[in-house]
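Each remark here refers to the structure printed beneath this line.
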Amino acid sequence: MSIDSFKAKSTLEVDGKEYEIYRLDAVPGTEKLPFSLKILAENLLRTEDGANVTAEQIQALANWDASADPEHEIQFTPARVVMQDFTGVPCVVDLATMREAVTDLGGNPDLINPLNPAELVIDHSVQIDVFGTQNAFRRNVEIEYDRNRERYQFLRWGQTAFDNFKVVPPGTGIVHQVNIEYLARVTMAQENDGVLQAYPDTCVGTDSHTTMVNGLGVLGWGVGGIEAEAAMLGQPVSMLIPRVVGFKLTGEIPAGSTATDVVLTITQMLREHGVVGKFVEFYGEGVGAVPLANRATIGNMSPEFGSTAAIFPIDDVTLDYLRLTGRSEEQIALVEAYSKEQGLWHDPSAEVEYSEYLELDLSTVVPSIAGPKRPQDRIVLSESKEKFREVLPAYVSEDDDDKIDSSLEATFPASDPVAPGSDDEHPAPSIEQVPNRVHKPSAVTLADGTQTELDHGSVAIASITSCTNTSNPSVMMAAAILARNANAKGLKPKPWVKTSMAPGSQVVTDYYEKAGLWPDLEALGFHLVGYGCTTCIGNSGPLPEEVSQVVHDEDLAVVSVLSGNRNFEGRINPDVKMNYLASPPLVIAYALAGTMDFDFASEPLGTDHDGEDVYLSDIWPDAAEVQETIDESVNRDMFETSYADVFRGDEHWQSLETPEGSTFEWDEESTYVRKPPYFEAMTMELEPVEDISGARVLAKLGDSVTTDHISPAGAIKWDSPAGQYLSSHGIDRRDFNSYGSRRGNHEVMIRGTFANIRLRNQLLDGVEGGYTKNFLTGEQDSIYDASQAYQEAGIPLVVLAGSEYGSGSSRDWAAKGTALLGVKAVITTSFERIHRSNLIGMGVLPLQFPEGEDADSLGLDGSETFDISGVSVLNEGRTPKTVKVTATKQDRTTVEFDARVRIDTPGEADYFRNGGILQYVLRNLAK
Numbered sequence: 001m002s003i004d005s006f007k008a009k010s011t012l013e014v015d016g017k018e019y020e021i022y023r024l025d026a027v028p029g030t031e032k033l034p035f036s037l038k039i040l041a042e043n044l045l046r047t048e049d050g051a052n053v054t055a056e057q058i059q060a061l062a063n064w065d066a067s068a069d070p071e072h073e074i075q076f077t078p079a080r081v082v083m084q085d086f087t088g089v090p091c092v093v094d095l096a097t098m099r100e101a102v103t104d105l106g107g108n109p110d111l112i113n114p115l116n117p118a119e120l121v122i123d124h125s126v127q128i129d130v131f132g133t134q135n136a137f138r139r140n141v142e143i144e145y146d147r148n149r150e151r152y153q154f155l156r157w158g159q160t161a162f163d164n165f166k167v168v169p170p171g172t173g174i175v176h177q178v179n180i181e182y183l184a185r186v187t188m189a190q191e192n193d194g195v196l197q198a199y200p201d202t203c204v205g206t207d208s209h210t211t212m213v214n215g216l217g218v219l220g221w222g223v224g225g226i227e228a229e230a231a232m233l234g235q236p237v238s239m240l241i242p243r244v245v246g247f248k249l250t251g252e253i254p255a256g257s258t259a260t261d262v263v264l265t266i267t268q269m270l271r272e273h274g275v276v277g278k279f280v281e282f283y284g285e286g287v288g289a290v291p292l293a294n295r296a297t298i299g300n301m302s303p304e305f306g307s308t309a310a311i312f313p314i315d316d317v318t319l320d321y322l323r324l325t326g327r328s329e330e331q332i333a334l335v336e337a338y339s340k341e342q343g344l345w346h347d348p349s350a351e352v353e354y355s356e357y358l359e360l361d362l363s364t365v366v367p368s369i370a371g372p373k374r375p376q377d378r379i380v381l382s383e384s385k386e387k388f389r390e391v392l393p394a395y396v397s398e399d400d401d402d403k404i405d406s407s408l409e410a411t412f413p414a415s416d417p418v419a420p421g422s423d424d425e426h427p428a429p430s431i432e433q434v435p436n437r438v439h440k441p442s443a444v445t446l447a448d449g450t451q452t453e454l455d456h457g458s459v460a461i462a463s464i465t466s467c468t469n470t471s472n473p474s475v476m477m478a479a480a481i482l483a484r485n486a487n488a489k490g491l492k493p494k495p496w497v498k499t500s501m502a503p504g505s506q507v508v509t510d511y512y513e514k515a516g517l518w519p520d521l522e523a524l525g526f527h528l529v530g531y532g533c534t535t536c537i538g539n540s541g542p543l544p545e546e547v548s549q550v551v552h553d554e555d556l557a558v559v560s561v562l563s564g565n566r567n568f569e570g571r572i573n574p575d576v577k578m579n580y581l582a583s584p585p586l587v588i589a590y591a592l593a594g595t596m597d598f599d600f601a602s603e604p605l606g607t608d609h610d611g612e613d614v615y616l617s618d619i620w621p622d623a624a625e626v627q628e629t630i631d632e633s634v635n636r637d638m639f640e641t642s643y644a645d646v647f648r649g650d651e652h653w654q655s656l657e658t659p660e661g662s663t664f665e666w667d668e669e670s671t672y673v674r675k676p677p678y679f680e681a682m683t684m685e686l687e688p689v690e691d692i693s694g695a696r697v698l699a700k701l702g703d704s705v706t707t708d709h710i711s712p713a714g715a716i717k718w719d720s721p722a723g724q725y726l727s728s729h730g731i732d733r734r735d736f737n738s739y740g741s742r743r744g745n746h747e748v749m750i751r752g753t754f755a756n757i758r759l760r761n762q763l764l765d766g767v768e769g770g771y772t773k774n775f776l777t778g779e780q781d782s783i784y785d786a787s788q789a790y791q792e793a794g795i796p797l798v799v800l801a802g803s804e805y806g807s808g809s810s811r812d813w814a815a816k817g818t819a820l821l822g823v824k825a826v827i828t829t830s831f832e833r834i835h836r837s838n839l840i841g842m843g844v845l846p847l848q849f850p851e852g853e854d855a856d857s858l859g860l861d862g863s864e865t866f867d868i869s870g871v872s873v874l875n876e877g878r879t880p881k882t883v884k885v886t887a888t889k890q891d892r893t894t895v896e897f898d899a900r901v902r903i904d905t906p907g908e909a910d911y912f913r914n915g916g917i918l919q920y921v922l923r924n925l926a927k
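Heads up, the sequence shown stops at 927 in UniProt numbering, and the numbers go up one at a time, no gaps.
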């Protein structure tokens with residue numbers, strides 16, 4: 001029950017219906033706040049209870065100092081939670097386990113229910129096993145259900161067992177596209193204690209790209225599954241009032257550039273500026289000219305900037321989109337009336353102060369791609385060939401000299417032992433020295449008998465995929481029209497390219513059919529393969545065997561080009577070393593080129609029916625034609641039809657046998673869903689927090705280690721600890737599925753932690769993958785086996801790392817796996833927001849090296865034994881700003897430093913004292 005210290009409770013009448021609201025103008029100062037902070041202010045007013053949310057928090061927000069560093073903690077209560085199945089399955093597993101645990105603690109299991117709407121969209125499980133054929137979609141769905149039957153049965157049980165929990169079945173769309181097209185309310189209308197309340201739609205999601213909904217003016221962001229579970233159970237999200245970066249957009253996107261190019265430019269700008277932990281808010285006269293689909297594309301990439309959210313205000317563009325996507329006129333009227341009443345309607349003339357300012361003239365945006373391993377590494381398309389050649393040597397093995405094209409000899413004769421500018425007596429040839437080809441081509445015979453050649457830089461995968469772009473008709477229609485133009489010229493993708501089209505919702509299929517463009521896409525191999533994340537999440541499926549074989553035999557650095565948001569190492573496909581993000585039309589263009597070693601301006605894509613050279617400029621779609629086709633082909637009826645019965649599912653979903661009962665009957669033989677050990681031997685009394693003594697280093701890692709490095713989502717190697725576990729349980733290698741799909745089984749996920757094939761553990765020289773030095777034996781060991789040995793010996797573990805540790809997906813298993821490996825502390829140069837929070841949620845201590853220092857500057861090589869003192873101060877109800885770390889080397893000399901404790905709020909301290917956020921929630925519910 002709200003206390004309402006500011007007498008903000010009031011009513012709003014819309015079309016004859018009365019809603020209770022909490023007026024922002026009741027608190028002086030809120031009128032000057034940025035849009036995003038106004039939403040937080042309303043949230044506090046409505047949820048003020050004198051305990052979690054206080055009048056002091058509300059006043060601190062009203063008095064927000066734009067220039068100050070964050071220091072005031074608030075408790076934000078999201079209106080709803082959205083999930084996808086990779087992260088959603090472990091959430092439901094944990095909820096099912098909590099029902100049993102709360103019973104053991106003497107509580108009521110029925111208390112374990114989402115208190116606010118929780119919606120899960122199954123979109124991460126479909127893989128591209130079949131491609132390039134008319135039946136690809138049907139076959140991939142059949143394979144998906146065969147692989148994931150146990151998980152899907154479990155989710156159907158959850159939909160019946162838990163109140164306030166809904167599941168969008170497979171084959172519907174990608175969670176974030178479904179969110180903006182159907183689930184998002186913009187303004188909530190919800191009964192609370194018998195009173196109909198109106199308030200801003202806000203959400204947290206178990207996927208970092210939850211920020212896509214920011215394009216609709218809905219404040220939301222990605223959290224770990226652990227934090228999402230707590231939010232579902234009524235726990236507010238503890239946060240500091242953030243700095244807000246004002247980003248002004250002016251001008252219009254020029255012909256030849258796309259929304260993808262805009263978002264890659266913004267990503268580079270904001271990552272360089274530094275927005276980790278901040279809100280980004282778009283403002284100014286130019287905002288009204290930005291289409292909703294482009295707003296959503298920009299909001300989607302917020303995790304790639306590093307910001308918590310990247311939000312657009314509510315205006316007529318928002319209402320037009322709600323109308324297009326089939327929302328009711330009653331809902332649209334409520335959104336408009338409420339937003340205007342509360343000062344949430346976009347007013348470009350309003351005076352708003354931001355913490356920092358940036359500006360982009362959209363007319364300066366040029367065609368771009370990003371890669372080969374980070375979204376922020378933007379490359380101007382006209383320089384892509386040159387930039388590819390610059391980075392390729394880092395992906396070519398040192399013994400590749402004998403495979404380099406003999407044209408090198410013409411440049412540097414054998415009598416010339418050292419290339420100009422080289423200090424190396426026997427240098428590996430630089431790609432810049434290769435005048436024609438990048439490598440001696442390797443012959444391959446494809447399954448259909450086609451004889452061809454593969455090379456470094458060959459495009460092995462060209463995939464239109466991911467919520468970022470498949471939600472945007474401007475780039476999707478541009479891709480289809482480019483395909484039509486290419487098909488008319490007789491162009492075809494190179495035969496070794498694995499092509500695929502995975503839309504974010506069925507609406508895309510509808511407007512392609514209405515525009516008559518599917519035949520042209522299919523003529524180029526871009527058949528429908530599924531509605532899901534596919535390639536962007538690592539579900540690209542295997543390369544054709546003959547292609548995979550030559551890539552392995554010749555150690556080729558082949559590439560993927562995808563219209564996604566993530567291109568981290570080892571994520572897309574285990575055979576592919578280099579990954580590039582591009583707009584959907586450029587994905588098709590690279591499929592036609594067949595190689596990254598290509599200059600679109602000067603090299604033809606092929607010849608037409610008359611033998612004339614065809615360049616990209618000859619087939620690039622006209623912007624006016626793209627818009628005209630959209631206007632003629634995209635309509636409200638499509639959205640209403642696609643979402644008419646969205647929770648029902650197809651015949652596959654309907655025919656699943658579903659367990660019944662309020663508690664789940666665990667199957668001891670299951671390799672997908674197992675009861676996790678988090679609450680074993682848990683008591684109502686807190687165990688004291690202890691200092692860390694005698695810890696060894698499990699892994700010493702560099703900068704930009706992502707959650708993909710820590711907990712991969714993709715393929716499970718047959719000889720890895722996880723692969724060996726599955727084999728020992730009778731699972732054939734072809735049925736291993738992915739780490740993402742097996743997140744309901746902690747036994748697989750522990751073994752998969754730090755198992756990314758591109759992980760570089762600096763405790764070992766020149767070794768990639770999930771390996772470490774076991775200091776008990778002095779030998780190389782798998783990280784999992786070493787951790788088991790350390791835990792049996794009672795030795796705690798630490799991880800050392802560089803900057804931006806834990807960037808990327810909001811992956812709870814990156815923290816869960818770390819904790820279950822016996823890691824007690826992670827010491828880094830800096831953390832990304834979500835992973836730091838998740839570590840605390842699992843009882844792992846996040847520490848940072850002193851400012852300006854890192855492991856190398858302190859002389860730490862990872863062989864030391866670590867003692868960390870001062871942690872036990874937490875037992876006194878205080879959170880230390882620093883703790884003392886003593887690293888003892890093998891010669892008994894020591895390195896001492898004060899590490900900064902990254903437990904940033906009192907709420908986080910409570911979670912850590914309880915051993916984790918779920919234990920904290922359980923104890924409170926049991927009481």
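Cβ atoms here follow ideal geometry from the backbone N, Cα and C, with glycine treated the same way.
Unbroken alpha helix (DSSP H) run spanning residue i, endpoints
{"i": "Phe6", "result": "Where Phe6 is concerned, there is no enclosing alpha helix (DSSP H), given that its DSSP letter is neither H nor E."}
{"i": "Pro725", "result": "The residue you asked about is not Pro; residue 725 is Tyr in the sequence shown. That run of the alpha helix (DSSP H) goes Pro721 to Ser728."}
{"i": "Glu792", "result": "Ile783 to Glu792"}
{"i": "Ala26", "result": "It is not in any alpha helix (DSSP H) - Ala26 carries neither H nor E in the DSSP assignment."}
Straight-line gap, residue i to residue j (C-alpha atoms, nearest Å)
{"i": "Ile226", "j": "Asn116", "result": "16 angstroms"}
{"i": "Val673", "j": "Glu150", "result": "7 angstroms"}
{"i": "Asn579", "j": "Cys536", "result": "10 angstroms"}
{"i": "Asp608", "j": "Ile619", "result": "11 angstroms"}
{"i": "Arg323", "j": "Gln331", "result": "10 angstroms"}
{"i": "Ser787", "j": "Pro169", "result": "38 angstroms"}
{"i": "Gln919", "j": "Ala699", "result": "27 angstroms"}
{"i": "Ala681", "j": "Ala478", "result": "58 angstroms"}
{"i": "Ala793", "j": "Leu95", "result": "32 angstroms"}
{"i": "Trp221", "j": "Thr210", "result": "5 angstroms"}
{"i": "residue 997", "j": "Phe639", "result": "The chain is shown only over 1 to 927; residue 997 falls outside these bounds and no answer can be derived."}
{"i": "Pro242", "j": "Ile731", "result": "48 angstroms"}
Proximity below 8 angstroms, CB of residue i to CB of residue j
{"i": "Tyr531", "j": "Ser563", "result": "no"}
{"i": "Thr772", "j": "Ile757", "result": "no"}
{"i": "Leu556", "j": "Trp496", "result": "no"}
{"i": "Lys498", "j": "Ile461", "result": "yes"}
{"i": "Glu569", "j": "Lys387", "result": "no"}
Cβ shell of residue i (< 8 angstroms), same chain only, five flanking positions each side left out
{"i": "Val689", "result": "Val871, Ser872, Leu874, Asn875, Phe912 and Arg913"}
Cβ-based neighbour list, residue i, same chain, cut-off 6 angstroms, excluding 5 preceding and 5 following
{"i": "Ala443", "result": "Glu453"}
{"i": "Phe305", "result": "Thr267, Leu270, Arg271 and Val275"}
{"i": "Gly907", "result": "Ser238"}
{"i": "Ala722", "result": "Ile716, Val748, Arg751 and Gly752"}
{"i": "Gly525", "result": "Gly132, Pro493 and Thr499"}
From the options, residue whose alpha carbon lies closest to that of residue i
{"i": "Asp520", "options": "Asp455, Thr465, Phe568 and Ile588", "result": "Ile588"}
{"i": "Gly343", "options": "Asp4, Asp856 and Glu31", "result": "Glu31"}
{"i": "Leu45", "options": "Gln57, Phe35, Pro34 and Ser36", "result": "Gln57"}
{"i": "Arg378", "options": "Val262, Val280 and Pro313", "result": "Val262"}
Residues of its chain near residue i, where Cβ-Cβ distance is below 7 angstroms and the 5 sequence neighbours each way are ignored
{"i": "Leu759", "result": "His709, Glu768, Gly769 and Gly770"}
{"i": "Gly107", "result": "Leu925 and Ala926"}
heavy atom of the ligand MN below 7 angstroms from residue i C-beta
{"i": "Ile917", "result": "Annotation note on the ligand MN: not contained in the displayed structure, which lists no ligands."}
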